[in-house]
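Each residue of the sequence shown is one higher than the one before, counting from 1 in the working numbering.
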Amino acid sequence: MLKLMVDADNEAQQYQMSKHEFTDLAPKKNIVYSFKLEMFQGAPLVAPKTSLVAQDFIAVIKQSAKANELMQTATYAFELDKQFNLNVSISERVAQEEDSSEATEESESPENEKSTEE
């Protein structure tokens, strides 16, 4: 999972899972396995209500320090389709220019200009 998240930085990733990986754990016929969700800063943007698989997926992702680190700078989209393809992509990035813009503002302040004029 983490490799898919890291590699999603370049392009959307896909991993083919097997149906038996799900049906062996929960053999009920009426279970919804497919889901779509977006996560940012370790939390889903919209809580999944119908898919127990999505809820378990969120619980597993939250346990990973690396996954949480990656989600500090981007919103990740996860989708498990009906053919058990897990798709991972970055749907939105957070600008990391806050620190650099503060440094730029400090260097452009009038106090710094006076000291350079003397």
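A virtual CB, placed ideally from N, CA and C, is assigned to each residue, including glycine.
With a cut-off of 8 Å on Cβ pairs, the segment 16-31 is not in contact with the segment 62-71, counting fewer than three such pairs.
Taken through DSSP and simplified to helix, strand or coil, Q55 comes out as helix. M5 is a Cβ neighbour of Y76, given a cutoff of 8 Å. The beta carbon of D81 lies closer than 6 Å to those of S34 in the same chain, with the five residues before and after it left out. Within its own chain, the residues whose Cβ lies closer than 6 Å to the Cβ of F84, once the five positions on either side in sequence are excluded, are M17 and K19, listed in chain order.
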